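Chains as they are written, first to last, in this note's numbering: chain Z, 1 to 236; chain R, 1001 to 1055.
These notes are about the structure you will find just below.
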């Protein structure tokens, strides 16, 4: 019996997860770990043998895999030998073919960065699995699932939305940037005093002051404004 | 090979959550505003200081 079904993108981000068994995997983000593990193994296989991994057999868990373009579909069964799960080969191929059609319909590739574009195809995939009687306990809701995944990923990398989106190295860069601009401002100010120029020229320091304080605030708040506007984070 | 493996964690940034994006934008604008106000205050202060010094 297939107990878990998962779809992951080429970066190892789970797009779909379903478990028939009573498990806390969904709450604990175990599927995220599984996805990373399988992505790493798949990349190893591609680099070492230019091939695909079709089956991973562990003592208590077997993973059957199929590629849907750049994406991976995974069927998991526990407490059954690898001989049993390979019987699902035609089904997983059908599932992969279904996904290929869906991705084409929604014009999605493995390079797609905005994961919410996968909401509808994944919801449709859930319906497809229900038709195939592979999903009995229907609990999948794409937006909720996506939010859980991002929550786990954000936590694991140390990113906190609206609070912290840069690591120590990036903070130090912004501190240096801030001091450099404040120093520029000081040089302008010193020149005005030294050459007794018009005091109104002081307002030329507005720009270096702004950039200087921007650097310092980014350092103190552990927050990069450019990252925020570009919808990224740099936790290094 | 190693390059591909190293890029796995970095590609976690593919996960973009709309609530996170909104929170981040709000914070970015707050920092811009704070920097602007501080920069203006600093420049005005310097101006007043200079005017007094040059007198």
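Even glycine gets a Cβ: it sits at the ideal position worked out from N, Cα and C.
The structure displayed is predicted, hence computed values, not measured ones.
Evaluate residue i with the Cβ neighbour count: other Cβ atoms within 10 Å of its Cβ, from every protein chain shown; 16 or more gives buried, anything less gives exposed.
{"i": "residue 187 of chain Z", "result": "exposed"}
{"i": "residue 146 of chain Z", "result": "buried"}
{"i": "residue 48 of chain Z", "result": "exposed"}
{"i": "residue 4 of chain Z", "result": "buried"}
{"i": "residue 139 of chain Z", "result": "exposed"}
{"i": "residue 1026 of chain R", "result": "exposed"}
{"i": "residue 109 of chain Z", "result": "exposed"}
{"i": "residue 170 of chain Z", "result": "buried"}
{"i": "residue 143 of chain Z", "result": "exposed"}
{"i": "residue 172 of chain Z", "result": "exposed"}
{"i": "residue 114 of chain Z", "result": "exposed"}
{"i": "residue 7 of chain Z", "result": "buried"}
{"i": "residue 1041 of chain R", "result": "exposed"}
{"i": "residue 75 of chain Z", "result": "buried"}
Does DSSP classify residue i as helix, strand or coil?
{"i": "residue 98 of chain Z", "result": "helix"}
{"i": "residue 217 of chain Z", "result": "helix"}
{"i": "residue 88 of chain Z", "result": "helix"}
{"i": "residue 115 of chain Z", "result": "helix"}
{"i": "residue 73 of chain Z", "result": "strand"}
{"i": "residue 121 of chain Z", "result": "helix"}
{"i": "residue 53 of chain Z", "result": "coil"}
{"i": "residue 1008 of chain R", "result": "The pLDDT assigned to residue 1008 of chain R is 36, lower than 50, so where the model puts this residue is not dependable; a value taken from the coordinates is nonetheless given after this. Note: residue 1008 of chain R maps to helix in three-state DSSP."}
{"i": "residue 137 of chain Z", "result": "coil"}
Taking only beta-carbon positions, decide if residue i is within less than 8 Å of chain Z.
{"i": "residue 1033 of chain R", "result": "no"}
So that I know if they touch, is there some Cβ in chain R lying closer than 8 Å to that of residue i?
{"i": "residue 205 of chain Z", "result": "yes"}
{"i": "residue 63 of chain Z", "result": "no"}
{"i": "residue 118 of chain Z", "result": "no"}
{"i": "residue 210 of chain Z", "result": "yes"}
{"i": "residue 100 of chain Z", "result": "no"}
{"i": "residue 302 of chain Z", "result": "An answer regarding residue 302 of chain Z cannot be provided, because it is not within the stretch 1 to 236 covered by chain Z."}
{"i": "residue 192 of chain Z", "result": "yes"}
{"i": "residue 74 of chain Z", "result": "no"}
{"i": "residue 214 of chain Z", "result": "yes"}
{"i": "residue 199 of chain Z", "result": "yes"}
Cβ of residue i less than 8 Å from any chain B Cβ?
{"i": "residue 81 of chain Z", "result": "In the structure shown, chain B does not exist; the protein chains are Z and R."}
Pairing CB atoms from the segment 32-52 of chain Z with CB atoms from the segment 98-105 of chain Z, are three or more of them under 8 Å? no
Counting Cβ pairs closer than 8 Å, one from the segment 147-163 of chain Z and one from the segment 203-214 of chain Z, do we hit at least three? no
Is there contact here, the segment 60-70 of chain Z with the segment 81-89 of chain Z, by at least three beta-carbon pairs under 8 Å? yes
Segment contact flag, the segment 89-96 of chain Z with the segment 13-23 of chain Z, C-beta cutoff 8 Å, min 3 pairs: no
Please identify, using Cβ separations under 7 Å, the residues of the segment 219-235 of chain Z that lie next to chain R, in order along the chain. 221, 223, 225, 228, 229, 231, 232, 233
Decide if the segment 213-232 of chain Z is in contact with the segment 122-142 of chain Z; the criterion is three or more beta carbon pairs, one per stretch, under 8 Å apart. no
Just checking, does the segment 190-200 of chain Z make contact with the segment 1022-1037 of chain R on the three C-beta pairs under 8 Å criterion? no
Would you be able to state if there are at least three C-beta pairs under 8 Å between the segment 158-170 of chain Z and the segment 213-222 of chain Z? yes
Cβ-based contacts, 9 Å cut-off: residues of the segment 24-56 of chain Z near chain R: 36, 39, 40, 43, 44, 46, 47, 48
The segment 158-171 of chain Z: positions lying closer than 7 Å to chain R by Cβ: 161, 162, 165
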